[in-house]
Amino acid sequence: MSSLPDSYTHYPKRREGYDHDLYAWSNMHARPPVAWPQGSVAVWLCVSLEWFPILPGGAFTAPGHMVTPYPDYRHYTARDYGNRVGAWRFLEAFAKAGVTASFAANAAIAERYPELIDAVIAGGHEIVAHSTDMNGTIDSTLDPAAERALVAEAMERIERASGVRPTGWLSIARQQSFATLDILEEQGLGYCCDWVNDELPYRFTNGLVNLPLNHELSDRQIITVQQKSADSWAESMRDAFDWLAREAKASGGGRMLPIHLTPYIMGLPYRIGALECLLADLAGREEAWFARGDQIVAAWETKA
Amino acid sequence: MREGASDPGLYDYHPYNTRPKITWPGGKSVAVWVAPNLEYYEIDPPVHPKRKAWPRPHPDVVGYGHRDHSNRVSHWRMAEVMSRHGFPGSVSLSVALCQHHPEVVADAAARGWEFFSHGIYNTRYAYEMTEAQERSIIEDSIRTVRDATGQTIRGWLAPALTHTPRTLDLIAEYGLDYTCDLYHDDQVQEVKVAKGQLASIPYSLEVNDHYGFFVYNMSGREYAETLIRQFERLAAEGERSGTVMCIPLHAYLIGQPHRIGPFEEALRHIAADGRAWIARAGEIVDAWRAQQ
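As given, the protein sequences belong to chains A and B, one line each in that order. Those letters in the first sequence? Residues 23 to 326, per the numbering used here, in order. Those letters in the second sequence? Residues 179 to 470, per the numbering used here, in order.
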């Protein structure tokens with residue numbers, strides 16, 4: 023006897039287009055070309071500023087959260103190292119290279135570390151909303167009313183603490199529910215960074231824009247998950263840039279290289295040099311346009 | 179297979195060093211085929227008692243989005259690189275892609291690629307299917323690919339590598355010529371089936387890009403070097419009796435911007451070597467079958 027119902031071989035969403043209505047299909051290579059204000063490859067540095075409560079909570083446990091039985095001093099402090107030391111190394115590295123970035127910050131970062139947020143803003147960088155703290159995770163186990171309240175609380179707290187209301191949103195672990203896109207749109211956000219299905223901005227059905235932050239190119243994926251060295255990570259970033267620059271030249275359309283950085287990962291003393299060398303290399307390339315997320319979305323919208 | 183027996187009885191044992199010589203067209207020593215998986219994963223598939231489709235609650239945004247990258251961006255990037263160096267694809271196809279994104283299937287067909295079935299969706303698993311259900315996915319596969327491309331499928335790679343004890347017998351009964359689900363050899367081998375004939379063509383999990391990047395954690399350059407080493411060894415050993423090298427791919431992995439450049443160099447190396455018979459799966463099975 024099979025334990026599969028007859029419906030298992032019926033496919034009600036088998037139709038042209040997706041099996042959902044969140045966004046429409048298109049082939050990136052067949053779209054009208056995108057032109058950036060300068061260069062052909064937009065290099066988007068996005069830094070996550072994360073505060074992990076020593077008591078984990080939320081819809082699911084965020085990557086990087088506490089591991090040992092309470093009290094997990096080891097991970098609480100090793101993560102906070104990023105906010106105390108690593109992020110400052112990033113700010114100096116960006117200033118030295120003459121580039122600006124997006125900083126996806128938990129509301130708790132803006133409240134707890136105002137000096138850091140002031141320096142981010144003073145450096146000409148963008149604040150992207152990144153939930154309340156690292157317990158502020160979202161998935162479809164969360165009641166939509168609770169999710170709406172969580173997003174509203176994060177936006178209100180970030181605005182109150184930093185003086186800035188972000189136009190961009192990054193969910194923790196890029197995880198959403200089926201309700202998230204509408205909740206973000208209701209909050210007046212312009213874009214989110216969670217969907218890794220494309221390499222250029224595109225618009226969801228509800229009007230929100232997706233600015234894809236490729237998780238495969240992140241320091242978390244390459245260094246923490248795949249256990250590669252900082253030099254191997256930098257080599258992959260150079261290979262990616264070279265490919266995208268060639269593709270942009272051949273197609274006549276702009277491309278984008280998202281570089282997702284985590285202060286407690288890439289901001290360590292023995293890794294930061296690889297980032298500084300990469301930034302110096304790319305800043306010297308005529309194809310590169312270093313831009314914040316909001317600038318990339320704005321440039322894309324003028325052409326879209 | 180012998181259901182319930184500890185040896186499933188899939189094939190006979192043949193020592194690698196005493197086999198009849200297999201020769202490939204043009205005197206090449208290794209048949210090289212590239213197997214792009216053109217897949218569709220459902221965002222909210224039904225529950226299966228033996229396998230969870232997504233690690234996170236639906237929608238698993240990163241898991242779904244990562245795979246969707248194939249159908250919006252990286253299929254064309256991967257396909258262009260293959261075409262540039264003369265490699266046709268033999269496609270492991272989630273046949274529902276013919277409905278969801280016919281543009282991707284049409285692009286592969288226009289490049290002269292061969293299609294075989296990888297089930298309806300890569301989120302519908304064959305475990306526990308009744309014979310009627312399993313026949314329905316085989317018949318659906320044959321009909322759907324024929325309607326979309328005019329091709330009659332000749333091979334099978336089980337959806338998400340999920341099987342029943344009757345799968346191989348059934349696909350042979352429907353006239354399919356090869357399975358990609360058995361990993362016991364570097365040469366084409368006969369599979370024991372209830373009726374008719376079925377060949378096992380070497381696919382590969384070991385040099386599958388998914389294993390390279392997510393099991394062995396290789397960089398793009400390390401994976402390219404792995405392909406070259408795999409090729410060099412199989413090309414040398416194929417002088418004795420023709421070997422097969424498969425390069426199984428997923429565009430959302432190999433077509434990422436940091437991996438595609440090194441991959442192109444591996445294809446350039448293999449194409450320039452001179453010992454490779456670059457072919458489609460069906461051609462390799464036919465050339466082997468003619469020597470039995």
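Ideal placement from N, C-alpha and C gives every residue a C-beta, glycine not left out. Just so we're clear, the structure is a prediction, and the values are computed from it rather than from any experiment.
Check: Chain A within 8 Å of B:Ser261, Cβ atoms only; Outcome: no
Check: Start and end residues, beta strand (DSSP E) containing A:Glu298; Outcome: Looking at the DSSP string, A:Glu298 is not in any beta strand (DSSP E); the run it does join, the alpha helix (DSSP H), is Pro291 to Ala305.
Check: The stretch 262-287 of chain B: positions lying closer than 9 Å to chain A by Cβ; Outcome: Ala274, Gln277, His278, His279, Pro280, Glu281, Val282 and Asp285
Check: Option nearest A:Pro91 by Cα separation, candidates A:Asp102, A:Ile76 and A:Pro85; Outcome: A:Ile76
Check: Rounded straight-line distance, which links the Cα of A:Arg277 to that of A:Pro54; Outcome: 12 Å
Check: Enclosing alpha helix (DSSP H) for A:Trp255 [first to last residue]; Outcome: Ala252 to Ser273
Check: Through-space distance from B:Ala459 to A:Met23, alpha-carbon basis; Outcome: Here the model assigns A:Met23 a pLDDT of 47, short of 50, so the residue's position is not dependable, and the following value carries that caveat. Each residue's alpha carbon lies about 36 Å from the other.
Check: Distance, A:Asn128 Cα to A:Gly100 Cα; Outcome: Just to set this straight, residue 100 of chain A is Ala in the shown sequence, not Gly. For A:Ala100 and A:Asn128, the distance between alpha carbons rounds to 17 Å.
Check: CA-to-CA distance, A:Gly104 to A:Phe263, given in whole angstroms; Outcome: 26 Å
Check: Host alpha helix (DSSP H) of B:Gln277 (start-end); Outcome: Leu275 to His278
Check: Residue interval of the beta strand (DSSP E) (run including A:Pro55); Outcome: Counting along the chain, A:Pro55 falls outside any beta strand (DSSP E), and DSSP gives it neither H nor E.
Check: Beta carbon proximity, B:His362 to chain A, threshold 8 Å; Outcome: no
Check: Chain B residues whose Cβ lies nearer than 7 Å to that of A:Gly39; Outcome: His278
Check: Collapsed DSSP secondary structure at B:Arg229 in the structure displayed; Outcome: strand
Check: 8 Å Cβ cutoff, B:Arg250 in contact with chain A; Outcome: yes
Check: Contact set for A:His237: own chain, Cβ-Cβ below 6 Å, skip 5 residues either direction; Outcome: Val218 and Gln243
Check: For B:Gln434, the nearest candidate out of B:Ser272, B:Met256 and B:Glu312 (CA to CA); Outcome: B:Met256
Check: Exposure of B:Ser378, with buried meaning 16 or more beta-carbon neighbours within 10 Å; Outcome: buried
Check: Pick from A:Ser273, A:Val247, A:Arg307 and A:Arg196 that is closest to A:Ala52, judged by C-alpha positions; Outcome: A:Ser273
Check: Per-residue burial, B:Ile456 [other beta carbons within 10 Å of its own, 16 or more giving buried]; Outcome: buried
Check: Proximal residues, the stretch 39-63 of chain A versus chain B, C-beta separation under 9 Å; Outcome: Gly39, Tyr40, Asp41, His42, Leu44, Trp47, Ser48, Asn49, Met50, His51 and Ala52
Check: Beta-carbon proximity of B:His279 to B:Asn300, cut-off 8 Å; Outcome: no
Check: B:Ser474 - DSSP class collapsed to helix/strand/coil; Outcome: No answer is possible for residue 474 of chain B: the residues shown for chain B start at 179 and end at 470.
Check: Status (buried if at least 16 other CB within 10 Å, exposed otherwise) for B:Tyr191; Outcome: exposed
Check: Identity of the residues DSSP links to B:Pro214 by a beta bridge; Outcome: B:Leu427
Check: Beta-carbon spacing of B:His507, B:His388 below 8 Å; Outcome: No information on residue 507 of chain B is available, as it lies outside the stretch 179 to 470 that chain B covers here.
Check: As assigned by DSSP and simplified to three states, the class of A:Trp311; Outcome: strand
Check: Beta-carbon proximity list for A:Arg179, same chain, < 6 Å, skipping 5 on both sides; Outcome: Ala129
Check: Cβ separation of A:Trp311 and A:Gly61, assumed to be a contact under 8 Å, to the nearest whole Å; Outcome: 4 Å
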